[in-house]
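Keeping their order, the protein sequence lines are chains A and B.
At position 22 of the first sequence the residue is numbered 22 (my numbering), and the sequence of numbers has no breaks.
At position 40 of the second sequence the residue is numbered 40 (my numbering), and the sequence of numbers has no breaks.
Read the structure below first, then the notes.
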Amino acid sequence: SQQGEEDPQALSIQEGENATMNCSYKTSINNLQWYRQNSGRGLVHLILIRSNEREKHSGRLRVTLDTSKKSSSLLITASRAADTASYFCATDGGNRDDKIIFGKGTRLHILP
Amino acid sequence: GAVVSQHPSRVICKSGTSVKIECRSLDFQATTMFWYRQFPKKSLMLMATSNEGSKATYEQGVEKDKFLINHASLTLSTLTVTSAHPEDSSFYICSARAGSSTDTQYFGPGTRLTVL
């Protein structure tokens, strides 16, 4: 299976701290994306990183990709209560496969 | 970004009935739409991929006669859960993509199905 595996599965940190979530996958990819999902809601696309990129920034988000280790990390700096959500990495299949497959997700809880 | 809508957002039905969920791309033409299912506190599992004008491709383990998918136009795909049972209760999310596999997928807000 190509499904990504996030760790940790759950993370609780104090507001203002940085949160780091990791994702590992099994097969070659074209792109890796990170999504946020608030409880019972749809997905919000956060950032896409291509296989030939190593790092990408967007506001308080920083994503790294290590294709040799088949892993990615999502760093949220200066966390806020509104960052409480589940975070998923998602990879495409690479080659001619165009499906996006989601990892199991990390449930992030920001403590006030 | 592009907008994808789903209707209804929430549906409760009796066991044995069929339920139709609509997924619409509002400001772009979606050649490909995807249907996902999500159980509480779990990840999204891809159910099927549908291309406009052709039959959907179902993932292994997904019953095509149970989950009927129609992608009749470039802006609309429907998922019909036939003869629903309580175990079909779940959060169903669609996504839509304009063109090639390098294009972004845009996700709908999801539909909460509860089968009594």
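Every residue, glycine too, gets a C-beta built ideally from N, C-alpha and C.
What does residue i reach in chain A if we use C-beta pairs closer than 8 angstroms?
i: B/I93; result: G42, L43
Where does residue i sit, in a helix, a strand or coil, going by DSSP?
i: A/A19; result: strand
i: A/D7; result: strand
i: A/D83; result: helix
i: B/D88; result: helix
i: B/V3; result: coil
i: A/K104; result: coil
i: B/A98; result: coil
i: B/A56; result: coil
i: B/Y106; result: strand
i: A/P112; result: coil
i: B/I69; result: strand
i: A/K99; result: strand
i: A/Y25; result: coil
i: B/V115; result: strand
i: A/A78; result: coil
i: A/R41; result: coil
i: B/N51; result: strand
i: B/T82; result: coil
i: A/N30; result: coil
Is it buried or exposed for residue i, if we count other Cβ within 10 angstroms and need 16 for buried?
i: B/E87; result: exposed
i: A/F88; result: buried
i: B/T49; result: buried
i: B/L113; result: buried
i: A/R96; result: Confidence in A/R96 is poor, its pLDDT being 48 and thus under 50, which makes the residue's placement too unreliable to answer from.
i: B/L116; result: exposed
i: A/E6; result: buried
i: B/T111; result: buried
i: A/H57; result: exposed
i: B/V81; result: buried
i: B/T32; result: buried
i: A/D92; result: buried
i: B/H85; result: exposed
i: B/Q6; result: buried
i: B/S9; result: exposed
i: B/V3; result: exposed
i: B/T78; result: buried
i: A/R36; result: buried
What in chain A is Cβ-close to residue i, meaning under 7 angstroms?
i: B/Q105; result: I100
i: B/P109; result: R41, G42
i: B/T124; result: Not covered by the structure: residue 124 of chain B. The range shown for chain B is 1 to 116.
For a contact defined as C-beta to C-beta under 8 angstroms, what are the partners of residue i on chain B?
i: A/G103; result: S43
Would you please state the rounded distance, in angstroms, between the beta carbons of residue i and residue j? I believe it to be under 8 angstroms.
i: B/A96; j: B/S25; result: 4 angstroms
i: A/A117; j: A/I100; result: No answer is possible for residue 117 of chain A: it lies beyond the span of chain A, which begins at 1 and ends at 112.
i: A/S72; j: A/L46; result: Between A/L46 and A/S72 the Cβ distance is about 12 angstroms, and since that is not below 8 angstroms, they are no contact.
i: A/T77; j: A/L11; result: With 8 angstroms as the limit, A/T77 and A/L11 do not qualify as a contact, their Cβ atoms being about 14 angstroms apart.
i: B/Y92; j: B/I21; result: 6 angstroms
i: B/F107; j: A/G103; result: No, B/F107 and A/G103 are not in contact; Cβ-Cβ is about 15 angstroms, not under 8 angstroms.
i: B/A72; j: B/Q29; result: In fact, because the Cβ distance is near 13 angstroms, the residues do not count as touching under 8 angstroms.
i: B/F34; j: B/Q105; result: 7 angstroms
Check the Cβ of residue i against every Cβ in chain A and list those closer than 9 angstroms, keeping chain order.
i: B/L46; result: K99, I100, I101, F102
Verify the contact flag: residue i, CB atom, against every heavy atom of the ligand GTP, threshold strictly below 7 angstroms.
i: B/L68; result: By its list of ligands, the structure shown contains no ligand whatsoever, and the ligand GTP lies outside what it can speak to.
Segments of 3+ residues assigned as beta strand (DSSP E) that fall wholly inside the stretch 8 to 45 of chain B: Entirely contained in the stretch 8 to 45 of chain B, the beta strand (DSSP E) runs reaching 3 residues are, in chain order, 10 to 13, 19 to 25, 32 to 38.
Those runs of the alpha helix (DSSP H) which lie wholly inside the stretch 45 to 72 of chain A and span at least 4 residues: Segments of the alpha helix (DSSP H) lying fully in the stretch 45 to 72 of chain A: there are none.
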